[in-house]
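K.L.:
So the sequence shown is numbered by UniProt numbering: it starts at 1 and just counts up by one.
Each residue gets a CB set at the ideal place from its N, CA and C atoms; glycine is no exception.
Please find one structure pasted underneath; my questions will follow.
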Amino acid sequence: MTETTIAPLAPYAEAESAATASLAAAAAASPGVSSDAGAALTPGAVRPRRRTGRSGPRWRVRPGLLLAGLFLLLVIAWAIIPQVFAPLDPTVGIASDALQGPSAIHWFGTDATGRDVYSRVVHGSVHTLSSALIAVGLGLVIGTFIGLIAGSLGGWIDAGAMRIVDVLLAIPSLLLSLSIVIILGFGTAQIAIAVGVTSIAAFSRLARAEVLRVRSTDYVEAAFASGGTFFSVMFRHVLPNSLTPVVALGALQFGTAILAISALGFLGYGAPPPTPEWGLMIAEGRNYVATAWWLTTIPGLIVVFTVLAANRFSSAIAERSNA
1 MTETTIAPLA
11 PYAEAESAAT
21 ASLAAAAAAS
31 PGVSSDAGAA
41 LTPGAVRPRR
51 RTGRSGPRWR
61 VRPGLLLAGL
71 FLLLVIAWAI
81 IPQVFAPLDP
91 TVGIASDALQ
101 GPSAIHWFGT
111 DATGRDVYSR
121 VVHGSVHTLS
131 SALIAVGLGL
141 VIGTFIGLIA
151 GSLGGWIDAG
161 AMRIVDVLLA
171 IPSLLLSLSI
181 VIILGFGTAQ
191 IAIAVGVTSI
201 AAFSRLARAE
211 VLRVRSTDYV
221 EAAFASGGTF
231 FSVMFRHVLP
241 NSLTPVVALG
251 ALQFGTAILA
261 ISALGFLGYG
271 APPPTPEWGL
281 MIAEGRNYVA
291 TAWWLTTIPG
301 LIVVFTVLAA
311 NRFSSAIAER
321 SNA
């Protein structure tokens with residue numbers, strides 16, 4: 001029984017061995033074919049794995065974003081611990097050191113009363129950044145709440161809120177800020193409130209659009225169908241999934257707020273002299289542009305670089321949210 005089973009298969013085994021040997025010999029003789037081809041034709045052979053690239057995640061360093069982050073960290077450190085970076089009193093000067101250019105002793109030079117410009121720039125970051133942070137926080141919280149209510153309830157509430165937003169957006173922001181400052185009075189806190197009010201409309205419109213988008217998703221409908229209340233669904237599902245674009249707008253508005261606060265300080269509506277404030281420093285140095293360029297150029301560059309760095313971070317957050 002065993003002989004009748006094996007005998008018919010012997011010719012096929014011999015033919016297969018002969019074919020494999022001939023193909024392997026042809027592959028070895030051909031210069032354009034690698035030795036892996038013969039190995040692949042051999043029964044039981046396993047082709048070795050080839051490396052197609054680097055293993056693990058690939059991190060791409062963005063020089064622009066890195067420089068923006070380092071500069072923002074420096075400015076924030078100035079605002080948190082200004083005494084460490086600039087131990088000199090920013091409000092007291094030495095008359096004999098008036099209008100001295102940048103040097104090893106006075107890095108940014110001195111002003112008309114002999115005060116160190118570097119110390120005034122560092123201590124001025126406290127007033128400018130704190131005002132900008134208050135303004136952005138005020139606009140973000142109130143604007144997001146208005147957008148959430150308008151997008152969730154709809155109807156006449158949505159229509160009325162959006163008409164008010166349209167009116168606020170139609171008024172130039174600087175003119176609206178000036179009007180509010182005149183009503184509230186001059187000062188750092190008043191400027192922060194005025195700039196924050198002007199940003200409410202932008203946050204409201206964006207938050208409403210995101211709420212309408214998230215409300216139409218399947219998981220929100222499932223949350224309502226499973227018995228979730230209106231407020232629980234809004235604050236547990238809709239609001240958290242609508243905040244990423246709003247936060248990106250907040251980073252952009254932070255730079256815009258710094259620019260607006262500096263402009264109001266330049267016009268004389270901010271902190272009174274001799275308080276160090278970036279816009280006020282530019283205003284005080286405009287009479288010495290021809291003889292002391294550093295009084296306006298250096299504070300102006302600090303404002304520009306801070307705004308550009310904030311805008312770069314806003315773009316990075318927006319790209320991440322879109323991805």
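Return helix, strand or coil for Asp-158, following the three-state DSSP convention.
P.N.:
Helix, per DSSP.
K.L.:
Per DSSP, what are the beta-bridge partners of Thr-110 in this structure?
P.N.:
Thr-110 is bridged to Asp-116.
K.L.:
Quick one: grab the DSSP three-state call for Thr-128.
P.N.:
Helix at Thr-128.
K.L.:
As a quick exercise: from Pro-63, Ala-68 and Arg-62, pick the residue whose alpha carbon is nearest that of Arg-312.
P.N.:
Checked all of Pro-63, Ala-68 and Arg-62; the closest Cα to Arg-312 is Ala-68.
K.L.:
Quick test of the definition: if touching needs 3 or more C-beta pairs under 8 Å, does the region 229-247 touch the region 201-214?
P.N.:
Yes, they touch.
K.L.:
Under 6 Å Cβ to Cβ from Ser-34, same chain only, skipping five residues before and after it: list those, please.
P.N.:
Legend: pLDDT at Ser-34 = 46, less than 50; position of this residue unreliable, no value from coordinates given.
K.L.:
Quick check: what's the CA-CA separation for Ile-81 versus Asp-158?
P.N.:
Going by the C-alpha atoms only, they are around 45 Å apart.
K.L.:
If I measure Cβ to Cβ from Leu-9 and keep anything under 8 Å in the same chain, skipping five residues before and after, which residues do I get?
P.N.:
In this prediction, Leu-9 has a pLDDT of 45, which is less than 50 and means its spatial position is unreliable; what the coordinates show is noted afterwards. Taken in chain order, the list of residues that qualify is empty.
K.L.:
List the whole-angstrom C-beta distance separating Gly-137 from Thr-110, where the pair is believed to meet the contact cut-off of C-beta under 8 Å.
P.N.:
Incorrect: roughly 35 Å between the Cβ atoms, too far for contact.
K.L.:
Can you give the Cα-Cα distance for Thr-198 and Leu-176, rounded to whole angstroms?
P.N.:
The alpha-carbon atoms of Thr-198 and Leu-176 are separated by roughly 7 Å.
K.L.:
Quick check: the Cα distance between Pro-90 and Ala-209, rounded to an integer number of angstroms?
P.N.:
Distance between the alpha carbons of Pro-90 and Ala-209 is about 46 Å.
K.L.:
First and last residue of the alpha helix (DSSP H) that includes Trp-278?
P.N.:
That run of the alpha helix (DSSP H) goes 278-285.
K.L.:
Just tell me which of Pro-63, Phe-186, Leu-72 and Ala-290 has its CA closest to the CA of Ala-251.
P.N.:
Among Pro-63, Phe-186, Leu-72 and Ala-290, the Cα nearest to that of Ala-251 belongs to Leu-72.
K.L.:
Below 7 Å CB to CB, which residues in the same chain sit around Val-247 once its five sequence neighbours on both sides are set aside?
P.N.:
Cβ within range, chain order: Ile-317.
K.L.:
For the alpha helix (DSSP H) containing Thr-291, list its first residue and its last residue.
P.N.:
Looking at the DSSP string, Thr-291 is not in any alpha helix (DSSP H), and its letter there is neither H nor E.
K.L.:
What is the DSSP secondary structure of Leu-148, counted as helix, strand or coil?
P.N.:
Note: Leu-148 maps to helix in three-state DSSP.
K.L.:
Once DSSP output is grouped into helix, strand and coil, what is the label at Gln-253?
P.N.:
Gln-253: helix per DSSP, three-state reduction.
K.L.:
Looking only at its chain, what residues have a beta carbon closer than 7 Å to the beta carbon of Arg-54, apart from the 5 residues adjacent to it on each side?
P.N.:
Because the pLDDT at Arg-54 is just 49, under 50, the model does not fix this residue reliably, and the value given afterwards should be weighed accordingly. If we look at Arg-54 and ignore the five residues flanking it on each side, it has no Cβ neighbours.
K.L.:
Please report how far the alpha carbon of residue 325 lies from the alpha carbon of Ser-204, in whole angstroms.
P.N.:
Summary: the structure shown does not reach residue 325, with the chain confined to residues 1 through 323, and so no result is reported for it.
K.L.:
Taking the straight line between their C-alpha atoms, what separation do you get for Thr-188 and Val-220?
P.N.:
Roughly 43 Å separates the two Cα atoms.
K.L.:
Going by beta carbon distance, what residues of the same chain come within less than 6 Å of Phe-85, once the five residues before and after it are set aside?
P.N.:
Closer than 6 Å at the Cβ level, and outside the excluded window around Phe-85, lie Trp-78 and Val-122.
K.L.:
Can you check whether the CB of Val-195 is closer than 8 Å to the CB of Tyr-269?
P.N.:
Contact: no.
K.L.:
Which stretch, first to last residue, makes up the alpha helix (DSSP H) that contains Arg-208?
P.N.:
Arg-208 -> alpha helix (DSSP H) spans 200-215.
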